[in-house]
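In the order they appear, the protein sequences are chains A and B.
The opening position of the first sequence corresponds to residue 1 in UniProt numbering, with each subsequent residue numbered one higher.
The opening position of the second sequence corresponds to residue 1 in UniProt numbering, with each subsequent residue numbered one higher.
Ideal placement from N, C-alpha and C gives every residue a C-beta, glycine not left out.
Small disclaimer: the values here were computed from a predicted structure and weren't measured.
A quick write-up on the structure given underneath.
2 protein chains.
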Amino acid sequence: MEETGSRTVSLADVARLAGVSKMTVSNVINNREGMTEQTRQRVQQAIEQSGYVANAAARVLAGGRMNLLGVIAPRINWPYVTELLHGASRVVEQAGLDLAIFTTSDNVRVERERAMLLRTLVDGVLLIIPAADEQTVFGPAVPVVTVGSAGAYTVSVDDRQGGRLAAQHLLDLGHRHIGHVSGLSSVSRHDASDRLDGFAQELNAAGVGLPPHLIADGAFTEAGGEAAARTLLSLPERPTAIFAANDRSAIGVLRAAEQLGLRVPHDLSVVGYDDVQVASLTRPALTTIRQPLEEMGAAAARLLIALIRREVPEQAHPRFPASLVVRDSTAPPGVVQPPDPVRPMKGAT
Amino acid sequence: MEETGSRTVSLADVARLAGVSKMTVSNVINNREGMTEQTRQRVQQAIEQSGYVANAAARVLAGGRMNLLGVIAPRINWPYVTELLHGASRVVEQAGLDLAIFTTSDNVRVERERAMLLRTLVDGVLLIIPAADEQTVFGPAVPVVTVGSAGAYTVSVDDRQGGRLAAQHLLDLGHRHIGHVSGLSSVSRHDASDRLDGFAQELNAAGVGLPPHLIADGAFTEAGGEAAARTLLSLPERPTAIFAANDRSAIGVLRAAEQLGLRVPHDLSVVGYDDVQVASLTRPALTTIRQPLEEMGAAAARLLIALIRREVPEQAHPRFPASLVVRDSTAPPGVVQPPDPVRPMKGAT
DNA sequence: TTGTAAGCGTTATCAT
DNA sequence: ATGATAACGCTTACAA
Numbered sequence: 001m002e003e004t005g006s007r008t009v010s011l012a013d014v015a016r017l018a019g020v021s022k023m024t025v026s027n028v029i030n031n032r033e034g035m036t037e038q039t040r041q042r043v044q045q046a047i048e049q050s051g052y053v054a055n056a057a058a059r060v061l062a063g064g065r066m067n068l069l070g071v072i073a074p075r076i077n078w079p080y081v082t083e084l085l086h087g088a089s090r091v092v093e094q095a096g097l098d099l100a101i102f103t104t105s106d107n108v109r110v111e112r113e114r115a116m117l118l119r120t121l122v123d124g125v126l127l128i129i130p131a132a133d134e135q136t137v138f139g140p141a142v143p144v145v146t147v148g149s150a151g152a153y154t155v156s157v158d159d160r161q162g163g164r165l166a167a168q169h170l171l172d173l174g175h176r177h178i179g180h181v182s183g184l185s186s187v188s189r190h191d192a193s194d195r196l197d198g199f200a201q202e203l204n205a206a207g208v209g210l211p212p213h214l215i216a217d218g219a220f221t222e223a224g225g226e227a228a229a230r231t232l233l234s235l236p237e238r239p240t241a242i243f244a245a246n247d248r249s250a251i252g253v254l255r256a257a258e259q260l261g262l263r264v265p266h267d268l269s270v271v272g273y274d275d276v277q278v279a280s281l282t283r284p285a286l287t288t289i290r291q292p293l294e295e296m297g298a299a300a301a302r303l304l305i306a307l308i309r310r311e312v313p314e315q316a317h318p319r320f321p322a323s324l325v326v327r328d329s330t331a332p333p334g335v336v337q338p339p340d341p342v343r344p345m346k347g348a349t
Numbered sequence: 001m002e003e004t005g006s007r008t009v010s011l012a013d014v015a016r017l018a019g020v021s022k023m024t025v026s027n028v029i030n031n032r033e034g035m036t037e038q039t040r041q042r043v044q045q046a047i048e049q050s051g052y053v054a055n056a057a058a059r060v061l062a063g064g065r066m067n068l069l070g071v072i073a074p075r076i077n078w079p080y081v082t083e084l085l086h087g088a089s090r091v092v093e094q095a096g097l098d099l100a101i102f103t104t105s106d107n108v109r110v111e112r113e114r115a116m117l118l119r120t121l122v123d124g125v126l127l128i129i130p131a132a133d134e135q136t137v138f139g140p141a142v143p144v145v146t147v148g149s150a151g152a153y154t155v156s157v158d159d160r161q162g163g164r165l166a167a168q169h170l171l172d173l174g175h176r177h178i179g180h181v182s183g184l185s186s187v188s189r190h191d192a193s194d195r196l197d198g199f200a201q202e203l204n205a206a207g208v209g210l211p212p213h214l215i216a217d218g219a220f221t222e223a224g225g226e227a228a229a230r231t232l233l234s235l236p237e238r239p240t241a242i243f244a245a246n247d248r249s250a251i252g253v254l255r256a257a258e259q260l261g262l263r264v265p266h267d268l269s270v271v272g273y274d275d276v277q278v279a280s281l282t283r284p285a286l287t288t289i290r291q292p293l294e295e296m297g298a299a300a301a302r303l304l305i306a307l308i309r310r311e312v313p314e315q316a317h318p319r320f321p322a323s324l325v326v327r328d329s330t331a332p333p334g335v336v337q338p339p340d341p342v343r344p345m346k347g348a349t
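In structure tokens, the structure reads:
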């Protein structure tokens, strides 16, 4: 009942076939009111007979809605990004919209190009840890919601509190010599400084402190975390615990410890940040500060959809609490915590 | 030097500003030959002054190239998908194109809708483990390359050989009672039957065999793999080794073993399939059959770009070999293999 | 080297 | 309830 071959069927063809005007066909397609049931039937039939498919470009050009949200994210293979997007896609789909995802290779120039492309194609934009403020590119006509950076509308986590939780946990375990693998040198404007601030604040309050030589940058990557940890762990008086700015760099820390022959958590405690799905699978399973990424993605999508519909959103800056997830990578200094053999791995489907 | 506010700057505006015709501006934008350097300069300046951004929809509608490749994938948070796409994005970017990623929630209807949307928007389409043959939607005008299913142009791995490798490895270790967690009930047309065929073939050749009751379906998911493994491991004579149709279901097998108090690899050997990045991070690290996913993604992108340029591709069906990656989840039955404490985790950046 | 004219397929506006 | 017409912003002819 569909396609005949190569030529493209247009709205005009359908109109001719149904013996009505283009406008009527358009109205039927867009589920608008104001036509005989009989007419609607006839048009529907013509559509199916001809195998008509709407031309998205023409629709946009004519000022119609595209029912499309654009996403600009640095990379597609970062778990932080995919978990966020997974949460968003649910909501978007339920609202009858689509999500078009674009990556920038973590590059400011490319990010700008993507923004310019999307500007005319989508009804709204979701910016994930952007490198620049792209608000200017989009102008007031296209709503923008940002995750992991500043913006007119944002979804975020209380990173300062997250940093504090990490510090409290390590202090509670008895650690007094604690290092940090930071995320300061990223391309993105997101530099995890709030996490560091909260962490340092809590350590200072406990009289433990965080001297500069116990901070090394991990650039949010496994390789960066590994290098940073090697630096910290080669110190004359090496730290008994390390807090990493995200889970990926924490995995790098685990790797460095393994290579240096240090047992985690016996010789070194490690705390990550994010609680991406791999965090529950590592050897040992990673204690981490959880960001509810899927929920955040869903919240961002909801906010964006509200803006597109010109509704007034409940909050312009929904903010989620961070939480501590204790697994097997932390223990009191110099003491083995017997691993629980029946601890289930994190559920995921 | 850019935007003035809300109104949208068009090509005509730039032309007026530069004192030339629209055509000349268009030529400058598309880097075409045939104009005075002076004219080009003037136009360039006008473009920057006005903050002009080309309207993608109009360009497409007028028959221009969009320089956009569309991707249709079931989900964004499956490592198989993201690693493939990561490989593709490199190539696409180098060719000066963009990648627009759409997900289908593993749903045939949605897949069809995405296909219809993309049809008029992109220059070519990459189909990742599609549920249906979307060739008919696109027609001959839009090139389509498929990964993980059949099609006019495909990129694949020798799955039969991969299955054989898994069997050989387990046989070499001395296993004689071997189970399989299959991937037969997926929505996608990809049912991993080649993996199973190669696996069974090798077991049969060795006189070990693979009776039906030693096969349970894991639906390619962690939860499915867990359930399937529980079935297999509850058998009166339980298998000493399990081969899973992919790494995600293999992780489910590990989880089931953990819950049943079985130690891997002492009591149970586990082999996965894919070698996604998490495979090197699990407890214990997963022995698996590797698909070179990033390379495959790159190959798919290259093939698609060649088709768009109407070049004749070197091969319509590039095929990659599978390979065995031995880690810590396999050992001879009933024997503990001492773990190597200094084995580095898989590199990843 | 540059300009003119037509049209891509849809929607909005205004008639009927 | 339905139709005619004019945009939308660009590109591909073809003309100058």
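Please look up how many angstroms separate the CB atoms of valine 155 (chain A) and phenylalanine 138 (chain A), rounded, as I've assumed it's under 8 Å.
-> Between phenylalanine 138 (chain A) and valine 155 (chain A) the Cβ distance is about 17 Å, and since that is not below 8 Å, they are no contact.
Please name the residue, chosen from A:Val91, A:Ile72, A:Ala331, A:Leu293, that lies closest to valine 276 (chain A) on a Cα-to-Cα basis.
-> A:Leu293
Cβ-based burial, serine 329 (chain A) [other Cβ within 10 Å; buried from 16] | buried
Please report the Cβ distance between leucine 121 (chain A) and glycine 63 (chain A), rounded to the nearest whole angstrom; I am assuming they are in contact, meaning their Cβ atoms lie under 8 Å.
-> Not a contact, Cβ separation roughly 13 Å.
Bridge partners - serine 182 (chain B), DSSP secondary structure assignment = B:Asp217
Which whole-angstrom value describes the C-beta separation of alanine 256 (chain B) and glutamate 226 (chain B), a residue pair presumed to lie in contact below a C-beta threshold of 8 Å?
-> 5 Å
Cβ of aspartate 133 (chain A) within 8 Å of Cβ of arginine 160 (chain A)?
-> no
Valine 271 (chain A) to phenylalanine 102 (chain B) span [Cα, whole Å] = 34 Å
Contact list for the stretch 234–248 of chain A against chain B, Cβ threshold 7 Å | none
Starting from alanine 244 (chain A), follow the beta strand (DSSP E) in both directions and report where the run begins and ends.
-> 241–244
Mind checking whether the beta-carbon of glycine 297 (chain B) lies closer than 7 Å to any heavy atom of the ligand HEM?
-> With respect to small molecules bound, the structure shown includes none, and the ligand HEM cannot be examined in it.
Between the stretch 198–210 of chain A and chain B, which residues of the former have CB atoms less than 7 Å from a CB of the latter, in chain order?
-> none
So, do the stretch 306–318 of chain B and the stretch 112–121 of chain B have three or more beta carbon pairs nearer to each other than 8 Å?
-> no
Where the beta strand (DSSP E) through aspartate 98 (chain A) begins and ends = 98–103
Can you find a C-beta in chain B that's less than 8 Å from the C-beta of serine 105 (chain A)?
-> yes
State the CB to CB distance for the pair alanine 279 (chain B) and alanine 100 (chain A), rounded to an integer number of angstroms; the pair is presumed to be in contact (CB under 8 Å).
-> Actually they are not in contact, since the Cβ atoms of alanine 279 (chain B) and alanine 100 (chain A) sit about 30 Å apart, beyond 8 Å.
Decide if proline 333 (chain A) is buried, meaning its Cβ has at least 16 other Cβ atoms within 10 Å, or exposed.
-> buried
Using a C-beta to C-beta distance shorter than 7 Å, which residues of chain B count as neighbours of histidine 180 (chain A)?
-> The premise fails here: histidine 180 (chain A) is roughly 21 Å from chain B at the closest Cβ pair, so nothing lies under 7 Å.
If you measure from the beta carbon of threonine 330 (chain A) to each beta carbon in chain B, is any gap under 8 Å?
-> no
Is aspartate 172 (chain B) helix, strand or coil when you go by DSSP?
-> helix
Taking only beta carbons into account, state which residues of the UniProt domain "HTH lacI-type" (9–63) of chain A come closer than 7 Å to chain B, listed in chain order.
-> Val53, Asn55, Ala56, Ala57, Ala58, Val60, Leu61
Going straight from the alpha carbon of residue 432 (chain B) to that of leucine 262 (chain A), what length do you get?
-> Any question about residue 432 (chain B) goes unanswered here, given that chain B covers just 1 to 349.
Take valine 25 (chain B) and list the residues in its own chain whose beta-carbon comes closer than 6 Å to its own, dropping the five residues that flank it on each side.
-> Leu11, Val14, Ala15, Val43
Using the rule of at least 16 other Cβ atoms within 10 Å of the residue's Cβ for burial, across every protein chain shown, is methionine 23 (chain B) buried or exposed?
-> exposed
Taking the DSSP output, what are the residues bridged to tyrosine 273 (chain A)?
-> A:Ile289
If you draw a straight line from the alpha carbon of glutamine 41 (chain B) to that of arginine 109 (chain A), how long is it in whole angstroms?
-> 22 Å
My understanding is that phenylalanine 265 (chain A) touches alanine 331 (chain A), with C-beta atoms under 8 Å, so please give their C-beta distance in whole angstroms.
-> The identity of residue 265 (chain A) in the sequence shown is proline, whereas the question assumes phenylalanine. That belief holds up - the Cβ atoms of proline 265 (chain A) and alanine 331 (chain A) are roughly 4 Å apart, short of 8 Å.
Which residue comes first and which comes last in the beta strand (DSSP E) that contains serine 234 (chain B)?
-> Looking at the DSSP string, serine 234 (chain B) is not in any beta strand (DSSP E), and its letter there is neither H nor E.
Would you call asparagine 246 (chain B) buried or exposed, if buried means 16 or more other Cβ atoms sit within 10 Å of its Cβ?
-> buried
Tell me where the beta strand (DSSP E) around threonine 24 (chain A) begins and ends.
-> Counting along the chain, threonine 24 (chain A) falls outside any beta strand (DSSP E), though it belongs to the alpha helix (DSSP H) covering 22–29.
Does the distance from the CB of isoleucine 308 (chain B) to the CB of aspartate 123 (chain B) come in under 8 Å?
-> yes
Looking only at C-alpha atoms, which of B:Gly183, B:Asp191, B:Asp172, B:Ala206 sits nearest to leucine 324 (chain B)?
-> B:Asp172
If you draw a straight line from the C-alpha of serine 89 (chain B) to the C-alpha of alanine 298 (chain B), how long is it?
-> 7 Å
Decide if the stretch 71–84 of chain B is in contact with the stretch 81–88 of chain A; the criterion is three or more beta carbon pairs, one per stretch, under 8 Å apart.
-> yes
What does methionine 116 (chain B) touch in chain A if you count any residue whose Cβ is under 7 Å from its own?
-> Val53
Is the CB of leucine 281 (chain B) under 8 Å away from at least one CB in chain A?
-> yes
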